[in-house]
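Here our numbering is used: the first residue of the sequence shown is 6, the next is one more, and so on.
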Amino acid sequence: MAQALPNVARDPSVGTFHSVGLPAVDFDAFHRHELPRRLADGGNRRIAWDVAEAAPFAFRLPEGSAYSYVPRRDRVDVVPGVVEDAALVLEIEREAWQDYVHELRTRIGLLYSRAVRFVRGDYDDWDVWEPALRCLYSGTPIYDPDHLGLVGLDGKPLALDQKFRLDEDPRVLAHYLRTMGYLVVADVFSKDHLARLSDETDRLRREATEGGLHSWWTRDEDTGEKYPFHLHYMGLQSALVHALEDDPNVRFLANLSGAELKPVSERDTGTHAILKEYPAHGTMTSFANLPWHKDCGLGGCPITCPRVHVAVQLDAANADSSQLFMLAGSAGRVCHQPTRPEDWADLPVVGLETEPGDATVHLGCGLHAGPRPTGPNRRRTIYVRFDNPRVFEVTAPFETYDQVIPGYGTGLLPSVDEMKRQV
C-alpha cells in the first residue's frame with residue numbers, strides 16, 4: 006500500500022496566527038495595557054517566583070518599538086524601551102512576536118524560523134524568561150518541581166519507574182499517565198506481531214533514501230557514515246503498520262489520556278519510528294540524539310495538543326542500548342531546559358526501561374529526551390501518534406510545524422546547536 010509522498014519543503018509560514026485564523030495582537034497596546042492588566046490580575050503571582058533573580062529582558066521590533074521586562078522581588082514591571090541592564094535583547098519581527106504570543110511558535114521555533122536577532126545575549130539566555138513569558142502570554146503554568154503532586158489515587162507518592170500490565174484497573178493507569186505524563190505497560194504485543202513489525206521496520210529502513218519525507222538522516226562526523234534515524238509516514242507504506250492505528254490495545258492506551266484524539270496518518274510525521282542504530286561513541290549531526298524537548302516544542306500546541314504517542318518497543322531499552330528520559334509531571338507546563346546532567350539532579354527524571362513487546366505512552370506536552378546510546382545494542386521504537394482533531398481543520402495533509410526547520414524535505418536537518426551558531 007506504499008503511497009508516494011508529495012514534495013513538501015521548508016515553509017516558515019506554516020501554522021502562523023494568520024493561517025489558523027487567530028486575532029492580531031498590537032505590540033504597543035499589549036505591552037502598555039493588556040500585559041500590565043494580566044500581571045495585576047494574578048500574572049505576578051504565577052511568574053515572579055521564577056524570574057526573581059533574573060536580569061531584565063527586552064523585546065524590540067525592527068522598526069524600533071521596544072519594551073523591557075524588569076523583575077522585582079514580587080512582581081515584574083513592563084517598561085517602554087530597552088533598560089540599560091537588560092541581559093537579553095531580542096529583535097523580533099512583528100508577526101513572529103504575535104505567533105509567540107499565541108504559542109504557535111516557541112523560542113526554538115523562532116530560532117529555526119530565523120525570525121529573531123540577538124542584539125544582546127544569546128539563545129541560552131532566553132531560557133531564563135521563556136517559561137514566564139509563555140505563562141503570561143498563553144496561560145500555560147510554569148513547571149514547579151516543588152509543587153507537582155505526584156501521588157496516586159491512594160494518596161501515596163508515585164514511583165517514577167513503575168511498570169503496569171494491561172489488565173490492571175484502567176483508572177489507575179489513566180491517573181498515572183495524566184499525572185506523570187508517561188506510562189509503561191508490559192507485554193502489550195505478542196511475539197508474532199512484534200516479529201512482523203520488526204521485519205517491516207527493517208524493510209522500510211532498507212528502502213529509505215535521503216532527500217525526501219520518508220526519513221531523516223544523521224552523519225557521524227568522525228567517520229562520515231550516514232544513518233537514517235527517523236522513518237516517517239510508515240502507515241502509508243505498510244498495511245501492517247497502518248493497522249496499529251486501530252489496534253484495540255493501542256486505542257485503549259491512547260484513550261487513557263481522557264482527551265479527544267484522532268490518529269494522524271498524513272499530518273506531522275504520521276506513524277513513525279525512531280532508530281538508534283549508530284555508534285554510541287559517534288559524533289552525530291541533526292536530531293539523532295535528541296535534547297530535552299516537547300513534541301509541540303517548535304510551536305502549535307493549541308492546534309496539535311492534546312497529543313499522545315503510543316509506542317511499540319521493538320527492542321529493549323536500557324543501559325546496554327539507549328533510553329527515552331522523561332521529566333515527570335511536566336505535561337501541560339512550561340519548563341526550563343535542563344541542558345546539563347547536573348541540572349537533572351534534583352528533578353524527577355527517569356530513563357524508561359522496557360522489553361521487546363512492551364508499550365510506552367507519553368503526552369506530547371511532556372518534556373522528554375533521547376540522548377546518545379549508552380551501549381552497543383540497537384533500539385527501534387514505532388510511535389503511533391494521536392493529535393487534537395483541530396489539526397485536521399487548520400493544516401493540510403503533510404503539513405507540520407517541523408517545516409520551519411531549514412532543510413526540511415531533504416532529510417538532513419540542523420540541530421539546535423547548529424542553528425545557534427548560524428543565528
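Built from N, CA and C at the ideal position, the CB exists for glycine as well.
Extent of the continuous alpha helix (DSSP H) run through residue i
i: G114; result: R112 to S118
i: I438; result: Summary: the structure shown does not reach residue 438, with the chain confined to residues 6 through 428, and so no result is reported for it.
i: I52; result: N49 to V56
i: E423; result: V421 to Q427
i: P41; result: L40 to R43
i: E404; result: It is not in any alpha helix (DSSP H) - E404 carries neither H nor E in the DSSP assignment.
i: E360; result: Premise fails: E360 is in no alpha helix (DSSP H) and is neither H nor E.
i: V409; result: Run containing V409: none; DSSP gives neither H nor E here.
Neighbourhood of residue i by C-beta distance below 8 Å, restricted to the same chain and skipping five residues each side
i: A53; result: P76, R77, R78, D79, R80 and V81
i: A259; result: L266, V313, V315, V366, V389 and F391
i: V177; result: G157, L158 and F169
i: L153; result: A333, G334 and P353
i: D351; result: P150
Chain-order list of residues whose beta-carbon lies under 6 Å from that of residue i (same chain, five-residue window excluded)
i: I147; result: D55, P136, C140 and V339
i: E215; result: W222 and G416
i: G375; result: L295 and L329
i: R122; result: E96
i: A264; result: P311
i: G362; result: D192, F194 and L199
i: A63; result: A71, S73, V87, A91 and V94
i: A293; result: T223 and F234
i: V124; result: V94 and E96
i: S243; result: E205
i: R395; result: I308
i: Q342; result: D132 and W297
i: D104; result: T21, F22 and R110
Opposing strand residues paired with residue i [DSSP bridges]
i: L295; result: G375
i: Q318; result: T386
i: H367; result: Y187 and H314
i: Y232; result: T223
i: F64; result: Y72 and L95
i: L332; result: V354
i: D31; result: In DSSP, D31 forms no bridge with anything.
i: F22; result: The partner list for F22 (beta bridge, DSSP) is empty, contrary to what the question assumes.
i: V339; result: I147
i: D325; result: DSSP, once it has assigned bridges, lists no residue as partnering D325.
i: D392; result: K267
Rounded distance between the beta-carbons of residue j and residue i, thought under 8 Å
i: L332; j: G356; result: Their Cβ separation, rounded to whole angstroms, is 11 Å, which puts L332 and G356 out of contact at 8 Å.
i: K281; j: S335; result: About 22 Å separates the two Cβ atoms, so there is no contact after all.
i: A278; j: T206; result: 5 Å
i: L116; j: G304; result: The Cβ separation is near 11 Å, so there is no contact.
i: A71; j: V87; result: 5 Å
i: H107; j: L163; result: H107 to L163, Cβ: 34 Å. No contact.
i: T274; j: H247; result: Wrong, their Cβ atoms sit about 14 Å apart, outside the cutoff.
i: G186; j: K299; result: In fact, because the Cβ distance is near 10 Å, the residues do not count as touching under 8 Å.
i: V317; j: T386; result: 7 Å
i: S179; j: L261; result: Per the sequence presented here, residue 179 reads as Ala, with Ser not at that position. Indeed they touch by this definition, with Cβ atoms about 4 Å apart.
i: S203; j: L241; result: So it is not a contact: roughly 19 Å between Cβ atoms.
Neighbour flag for residue i against chain C, beta carbons, 8 Å
i: P378; result: This model lacks chain C altogether, as it is built from one protein chain only.
Cutoff 7 Å; reference residue i; Cβ partners in own chain excluding five residues on either side
i: Y413; result: A14, R15 and D407
i: A59; result: P76, V133 and W134
i: D33; result: S70
i: R384; result: K281, D320, A322, S326 and S327
i: G380; result: A285, A324, D325 and S326
i: N49; result: D79, R80 and V81
i: D130; result: A92 and L93
i: P41; result: V83
Boundaries (first-last residue) of the beta strand (DSSP E) holding residue i
i: M239; result: Segment: none, M239 is in no beta strand (DSSP E) and carries neither H nor E.
i: P76; result: A71 to P76
i: P85; result: V81 to P85
Ignoring anything shorter than 3 residues or poking outside the stretch 250-282, list the beta strand (DSSP E) runs there in chain order.
277-281
Where are the beta strand (DSSP E) runs, 3 residues long or more, that stay fully inside the stretch 104-165, in chain order?
121-125
Of all the alpha helix (DSSP H) runs that stay within the bounds of the stretch 156-225, which reach a length of 4 or more residues?
175-185 and 196-212
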